[in-house]
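Notes follow once the structure below has been shown.
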Amino acid sequence: MKPQMKIGTRGSKLATTQAGHVRDWINEQGFNTELHIVTTAGDVNMAPVERIGVGVFTTALREALAAGECDIAVHSFKDLPTAPDARFELIVPTREDSREALIARDGMTLAQLPEGARVGTSAPRRISQLKAIRPDLDIRPLRGNIETRMGKIDSGELDAVILAYAGLVRNGYGDKATEVFDLDTFMPAPAQGALAVEARIDDPAIEAIRSVQDAAAQSAANAERTVLSRLEAGCTAPVGATSRIRETANGAELTVRGGVFALDGSTQLIKEATGPLDQAVQLGESVSEALYAAGAAEIIAAK
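Plus 3 on top of the position in the sequence shown (first one is 1) and you've got my numbering.
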């Protein structure tokens, strides 16, 4: 049997479930891996993410990986800083559904929520889009794991919460969603639903992570992340991005769509670009340039 490798992960149920999928996929390719829990600052500090810093959930994992405490690290790709880290190779395995989901009391959709309903989310991107659709809502700060967030509905503290549908599905809570938003209606975070799996560039674990790479999913996620990085915006900025891959007679075609949103819901800038999948990064650059030309920098600065 091949030597055992440790997969570093946060200790939350969502993180260990995601890392567990990666472990199983890698082991199915003939490797031998196990999970290793790494505590991060974001797990012990419940302040809003924009206050405690971009990359709060990933820095500790990366440092543990660099120090050899683990051989592989699994992140939610949307949580990573946009700047690449030259110490590691990053791959994206099969991607989950990238859409946003509403979980509301009494099975309600967003349109059915009563005036002034209390909706939980701390993400500026979600807040701005909610305000654009339903300016009457009472939007409340929200942190914690999926169970904690959903529990605020059961306790009566909130009427609804907005969560990534991918996290619900991975944890077996997909049926809790009372509405899953169309990508054209509610834009998710860049690379939402995608996992980022890293190994040190000089380590044999690279062979293991490459065995589960989904090249098309990685190209699409990279295009979305390019929109964010070229706007020089962090993962807590009011920036969304999504993409679609379509097979054509001339090969795979990628459409990248990006949006920048004023926090008060008053302004939404949406741009898109379409081209060959192998030009994913260039398509992301095109979208970010169009957004910048339309005034995106001023909206981001005013968040």
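Idealized CB from N, CA, C, for every residue including glycine.
Residue from the options with nearest C-alpha to residue i
i, options, result
"residue 97", "158, 224 and 150", "224"
"residue 149", "172, 286, 121 and 141", "172"
"residue 36", "303, 19, 14 and 8", "8"
"residue 219", "28, 208, 230 and 249", "249"
"residue 258", "6, 280, 252 and 229", "280"
"residue 246", "13, 71, 117 and 283", "283"
"residue 205", "22, 68, 20 and 21", "68"
"residue 189", "242, 90 and 117", "242"
"residue 251", "270, 25, 230 and 278", "278"
"residue 84", "235, 133 and 288", "235"
"residue 90", "174, 62, 142 and 270", "62"
"residue 154", "142, 179, 133 and 31", "179"
"residue 146", "291, 289, 295 and 15", "15"
"residue 86", "255, 31 and 230", "230"
"residue 42", "12, 142 and 24", "12"
Bounding residues of the beta strand (DSSP E) (the contiguous stretch that carries residue i)
i, result
"residue 79", "75–79"
"residue 35", "35–40"
"residue 9", "7–12"
"residue 141", "141–143"
"residue 165", "163–167"
"residue 246", "242–251"
"residue 106", "103–107"
"residue 259", "254–264"
Cβ pair residue i, residue j closer than 8 Å
i, j, result
"residue 186", "residue 129", "no"
"residue 240", "residue 260", "no"
"residue 10", "residue 77", "yes"
"residue 168", "residue 100", "yes"
"residue 183", "residue 104", "yes"
"residue 131", "residue 266", "yes"
"residue 82", "residue 60", "yes"
"residue 302", "residue 181", "no"
"residue 125", "residue 138", "no"
"residue 135", "residue 262", "no"
"residue 293", "residue 286", "no"
"residue 163", "residue 116", "yes"
"residue 228", "residue 194", "yes"
"residue 272", "residue 170", "no"
CB-CB length for residue i against residue j, believed under 8 Å
i, j, result
"residue 211", "residue 34", "4 Å"
"residue 123", "residue 64", "That pair is no contact at about 26 Å."
"residue 197", "residue 93", "That belief does not hold up - the Cβ atoms of residue 197 and residue 93 are roughly 11 Å apart, past 8 Å."
"residue 300", "residue 274", "No, residue 300 and residue 274 are not in contact; Cβ-Cβ is about 14 Å, not under 8 Å."
"residue 108", "residue 156", "5 Å"
"residue 214", "residue 40", "Actually they are not in contact, since the Cβ atoms of residue 214 and residue 40 sit about 24 Å apart, beyond 8 Å."
"residue 20", "residue 253", "Wrong, their Cβ atoms sit about 39 Å apart, outside the cutoff."
Three-way DSSP call (helix, strand, coil) for residue i in this model
i, result
"residue 17", "helix"
"residue 118", "coil"
"residue 303", "helix"
"residue 196", "coil"
"residue 127", "helix"
"residue 57", "Below a pLDDT of 50, predicted positions are generally treated as unreliable, and residue 57, at 47, falls in that range; the measurement from the model is reported next regardless. The answer is coil: DSSP assigns residue 57 none of H, G, I, E or B."
"residue 50", "Only weak support is given to the placement of residue 50: the predicted model assigns it a pLDDT of 47, under 50, and the value that follows is read from those uncertain coordinates. Here residue 50 sits in coil by DSSP."
"residue 89", "coil"
"residue 270", "coil"
"residue 278", "strand"
"residue 341", "Residue numbering for the chain in the displayed model covers 4 to 306; residue 341 lies beyond these limits and cannot be assessed."
"residue 160", "coil"
"residue 308", "The first residue shown for the chain is 4 and the last is 306, placing residue 308 beyond what the model contains."
"residue 94", "strand"
"residue 135", "helix"
"residue 31", "helix"
"residue 146", "coil"
"residue 202", "strand"
"residue 182", "strand"
"residue 25", "helix"
Residue i: first and last residue of the uninterrupted alpha helix (DSSP H) it sits in
i, result
"residue 230", "218–233"
"residue 67", "62–69"
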